[in-house]
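FYI, in the numbering used here the residues of the sequence shown are 37 to 263.
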Amino acid sequence: MKTEMTDRDKKLLVFLALFVIVVGIGYWGIYPMVKDILHYNTEITEEQNLKETNELKIAGLPLLEKENESMEEEIRKAKEDYYPMMTSDEIDKLFTGMALDYNLYAYKMDIRMEEEEAVIEPYVYSEKKYKLKEEEAMEEEALSDIVPSTGIYAVQVSMRLGSDSEEDLQSFINDLSYDDRRHLIKEYSWEDNSRNVISLKSNGAYDLEVEYEKILNITIDIYMCQE
Numbered sequence: 037m038k039t040e041m042t043d044r045d046k047k048l049l050v051f052l053a054l055f056v057i058v059v060g061i062g063y064w065g066i067y068p069m070v071k072d073i074l075h076y077n078t079e080i081t082e083e084q085n086l087k088e089t090n091e092l093k094i095a096g097l098p099l100l101e102k103e104n105e106s107m108e109e110e111i112r113k114a115k116e117d118y119y120p121m122m123t124s125d126e127i128d129k130l131f132t133g134m135a136l137d138y139n140l141y142a143y144k145m146d147i148r149m150e151e152e153e154a155v156i157e158p159y160v161y162s163e164k165k166y167k168l169k170e171e172e173a174m175e176e177e178a179l180s181d182i183v184p185s186t187g188i189y190a191v192q193v194s195m196r197l198g199s200d201s202e203e204d205l206q207s208f209i210n211d212l213s214y215d216d217r218r219h220l221i222k223e224y225s226w227e228d229n230s231r232n233v234i235s236l237k238s239n240g241a242y243d244l245e246v247e248y249e250k251i252l253n254i255t256i257d258i259y260m261c262q263e
């Protein structure tokens, strides 16, 4: 039996063949190109956004540099009043030298150095302390995990000083009190170490002389700051 194709069948086959070709070209040719174009468009958009962000950063760089310089200057000025980092021997030499400058006798010196950084608390009635209390009340949980690094170390210096002049001892305390360097006079006390000295004269008489000496026991906390 012989079947002949009609014109309609031939047209349908041609249409199907063209359809398969078009689909094949679209799927294996055009679709990957469109996909790549979309991918590149996304990358271009991201790069443009990054470029705009960098341009904004560059535009704001001079201001940031100025602020940074200002902050560094403030830090430098804040550190000026602190003692430099010293060993116990250097601290001993410093305060022994100070005692000698006031004509004092340094009978005893005890230096206790802390290994960990000092926690500097503001004065209890100061405005800064009041503001800190408000912040802690508002952000108690957030602040509980924050342990700021100060770079400041406290050293306790206890001295026993003597002099035959109470004025020299008092000048030593006064000058420490007015000194701008970061230290705190924690306590001090006075002792009278005067004694009677009896000497025998050539004529057999005794001579009584009073050797006056005042003793100052003082404890100072000094604060050293890292460079």
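Cβ atoms here follow ideal geometry from the backbone N, Cα and C, with glycine treated the same way.
In this text the structure is predicted, and so the values were computed from the model without any measurement.
- Annotation: residue 222 to residue 149 spans about 15 Å, alpha carbon to alpha carbon.
- One thing to note: residue 188 has its Cβ within 8 Å of the Cβ of residue 259.
- For residue 223, the enclosing beta strand (DSSP E) covers residues 219-228.
- A contact is defined here as three or more CB-CB pairs under 8 Å, and the stretch 95-105 fails this definition with respect to the stretch 192-201.
- Going by DSSP, residue 137 is part of no beta strand (DSSP E) but of the alpha helix (DSSP H) stretching over 124-137.
- In the three-state DSSP reduction, residue 121 falls in the coil class, being neither helix nor strand.
- As DSSP reads the structure, residue 99 sits in no beta bridge.
- Between residue 220 and residue 254, the C-beta gap is not smaller than 8 Å, which leaves the two residues out of contact.
- The DSSP-derived three-state label of residue 201 is coil.
- Secondary structure of residue 84 (DSSP, three-state): helix.
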